[in-house]
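A.B. asks: Note that the sequence shown ends on residue 171 in UniProt numbering; no numbers are left out.
Shown below is the structure under consideration.
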Amino acid sequence: MQPAFAPRRSRVLVAAAGLTVVTVYAIIALVQILVWNPEAAVPGLTAAEVWREVGVADQGPPNGFVVAVIAAGPTLGLVFLLMFSLTDTDVWSVVSAYLALLLLGIAGYFVASFGPGMGLADTYGISGGDHAYGGAALGVVSLLAMLGLLAIFVGGVIRGRRAKRAPVVAV
1 MQPAFAPRRS RVLVAAAGLT VVTVYAIIAL VQILVWNPEA AVPGLTAAEV
51 WREVGVADQG PPNGFVVAVI AAGPTLGLVF LLMFSLTDTD VWSVVSAYLA
101 LLLLGIAGYF VASFGPGMGL ADTYGISGGD HAYGGAALGV VSLLAMLGLL
151 AIFVGGVIRG RRAKRAPVVA V
């Protein structure tokens, strides 16, 4: 049994939705690192004041590396959108690609937030982990993406086994 390829419009709409979700995830990750976490870690100070003190303490406030790592997800999402709009593929492959980006987003968040978290920890003598709930929310989204990928995989295996058992009708 051959996979049913989705019409181009369906693939592009699913890919556009995936790109939107991945971009929102990245924006939340960036705001968590740059604003929510420092303000939760040092109550009473704005994020700008916190990062200024981290810089004065020579602990390396966030820089372009943070933005570049976080921007990798939406950039790949845009590449996927272009790729899926130009090639024939089934919708489940499109969905899987964006779920994989969401799953990998938590690793990108960890890499991007590690340096700023250490800067906060060294400057203020606190834990370098998340102090705001944005990081936990990103973790939940990545976990749900992993479960979605697992469901797609299991569904594909079940469909494949059913297709192998289906009787062949000679015409």
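For every residue, glycine included, the Cβ atom is placed at its ideal position computed from N, Cα and C.
#1: At which residue ranges does the region 45 to 114 contain complete alpha helix (DSSP H) runs of 4 or more residues, listed in the order of the chain?
#2: Assuming Glu53 and Thr46 are in contact, meaning their beta carbons sit under 8 Å apart, how far apart are those beta carbons, in whole angstroms?
#3: How would you write the range of the alpha helix (DSSP H) that Ala132 sits in, first residue to last?
#4: Buried or exposed: Ile27, going by 16 or more other Cβ atoms within 10 Å of its Cβ?
#5: Decide if the region 100 to 118 is in contact with the region 150 to 166; the criterion is three or more beta carbon pairs, one per stretch, under 8 Å apart.
#6: Taking C-alpha atoms, which residue in Val31, Val21 and Ala121 lies nearest to Thr75?
#7: Under 8 Å, do Ala29 and Ala132 count as touching if we go by C-beta distance?
#8: Tell me whether Val50 is buried or exposed, calling it buried when 16 or more other Cβ atoms sit within 10 Å of its Cβ.
#9: Counting along the chain, where does the alpha helix (DSSP H) carrying Gly18 start and finish?
C.D. replies: In terms of the structure at hand:
#1: 47 to 56 and 64 to 86
#2: Reading the sequence shown from its first residue, position 53 is the one you call residue 53. Reading the sequence shown from its first residue, position 46 is the one you call residue 46. 11 Å between Cβ atoms; not a contact.
#3: To locate residue 132, count along the sequence shown from 1; it is residue 132. No alpha helix (DSSP H) holds Ala132; DSSP gives it neither H nor E.
#4: Along the sequence shown, one-based indexing puts residue 27 at 27. That one is exposed.
#5: no
#6: Within the sequence shown, the letter at position 75 stands for residue 75. When each option's Cα is compared against that of Thr75, the closest is Val21.
#7: Position 29 of the sequence shown, counted from the first residue, corresponds to residue 29. Position 132 of the sequence shown, counted from the first residue, corresponds to residue 132. Cβ distance not < 8 Å, so Ala29 and Ala132 don't count as in contact.
#8: The residue labelled residue 50 in the question sits at position 50 within the sequence shown. With 16 or more other Cβ atoms within 10 Å, it is buried.
#9: The residue given as residue 18 occupies position 18 in the sequence shown. Here the alpha helix (DSSP H) through Gly18 covers Arg8 to Val31.
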